[in-house]
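For the sequence shown, the numbering used here puts the final residue at 352, and the numbers step up evenly by one. Glycine is no exception: its CB is placed at the ideal position from the N, C-alpha and C atoms. This one's a predicted model, so the numbers in the text were calculated from it and none came from an experiment. The structure appears below as structure tokens.
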Amino acid sequence: MDEKYIIMPTHTPTPIKNFAALEEEYASYKKSKAVIVQVPYEKTTTYIKGTKIGPAAIIDASRYMELFDDELNQETFKMGIHTMDALSVDNSSSEEMIEKVYSVVLELLKSNKFPVMLGGEHSVSIGAVKASREVYPNLSVLHLDAHHDLRNEYFGSRFNHGCVARRIYEMCPLVQVGTRSLSKEEKDFLSTQSNGKVKVLNVYDILDTPMWKDVVSKNLMENVYVTIDLDVFDPSLMPAVGTPEPGGIGWYETLDLLRDVCKDKKVVGFDVVELCPIKGQIASDFLAAKLTYRILGYVFSNKK
Ligand SMILES: [Mn+2]
49 MDEKYIIMPT
59 HTPTPIKNFA
69 ALEEEYASYK
79 KSKAVIVQVP
89 YEKTTTYIKG
99 TKIGPAAIID
109 ASRYMELFDD
119 ELNQETFKMG
129 IHTMDALSVD
139 NSSSEEMIEK
149 VYSVVLELLK
159 SNKFPVMLGG
169 EHSVSIGAVK
179 ASREVYPNLS
189 VLHLDAHHDL
199 RNEYFGSRFN
209 HGCVARRIYE
219 MCPLVQVGTR
229 SLSKEEKDFL
239 STQSNGKVKV
249 LNVYDILDTP
259 MWKDVVSKNL
269 MENVYVTIDL
279 DVFDPSLMPA
289 VGTPEPGGIG
299 WYETLDLLRD
309 VCKDKKVVGF
319 DVVELCPIKG
329 QIASDFLAAK
339 LTYRILGYVF
349 SNKK
């Protein structure tokens, strides 16, 4: 074959299997400020299956990212990013998995490490919020999602991925951004029972409110845990999710929001969940990896 048709990766191919393919100097637990926690859990997905391999696909894509961040003008990885072995949750019930995530994240927070969780289905976030709430009592959650996830119970479980925000609501206030799909039960809950603890900026609010990012900030407390269901993005950008909804938000407006929140608040941890990789379509995996790296950049560029 003519050589010019052979596409070479920009990165030197590397056998290193951790996030961003970092050498030991920047990836050892001891020296790292951030720790990647992979939770390949999938028990309650409703439509397309495959989010179980989401964390591995994000790690894989991250090995080919440029590690110089051209927006932040910095080499974020030098803060140290350790990748833990994936949690073994295959045979766990939802409750057991949540408890496992809770104890791992609690341990990290107490050791002054910044937790970054990769899912897996969205129910993985419940344990991480529980741990964050324990260490940072003045906590609120920023929840980016196409769906409200406010059902009290779904398919017989209170820990279904469709109930995540309802369980979070029981622990602390939350702000939902980018939502565009809602059941009647969730609508009724928001109008009558949520006691002002759930602030919603759905896609229509975003379109109608030029200062929507300020509204988000105003409704968050001092400490913030961020949970990102990748289906918040428009499916044209992020088709690799189990339940894609048309009309999602874009890459730059998402980054604008996250940049502001990381500047105005103390972000104590975050997760990126529900990647459901499509074979041969790597753009979604790459988006998830780059998003993870960029948020780490936002958090730690303010904490030199
Ligand atoms: Mn969702």
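Within 7 angstroms of the C-beta of residue 336 there is not a single heavy atom belonging to ligand 1. Exposed is the label assigned to residue 185, since fewer than 16 other Cβ atoms lie within 10 Å of its Cβ. DSSP places residue 267 in no beta strand (DSSP E) but in the uninterrupted alpha helix (DSSP H) bounded by 260-267. In the DSSP assignment, residue 132 falls outside any alpha helix (DSSP H) and carries neither an H nor an E. Classified as buried, residue 145 has 16 or more neighbouring CB atoms from the shown chains inside 10 Å of its CB.
Distance between residue 212 and residue 171, taken at the CA atoms: about 6 angstroms. Near ligand 1, meaning a beta-carbon closer than 7 angstroms to one of its heavy atoms, we find 170, 193, 194, 195, 197, 277, 279, 291 and 322. For residue 74, the CB contacts under 6 angstroms within the same chain, skipping 5 residues up- and downstream, are 125 and 128 in chain order. Per DSSP, reduced to three states, the secondary structure at residue 194 is coil, with no helix or strand assignment. Bounds of the alpha helix (DSSP H) holding residue 103 are 102-110. A residue is called buried once 16 or more other Cβ atoms fall within 10 Å of its Cβ, and residue 286 is buried on that count.
In this structure, the beta-carbon distance from residue 342 to residue 193 does not fall below 8 angstroms.
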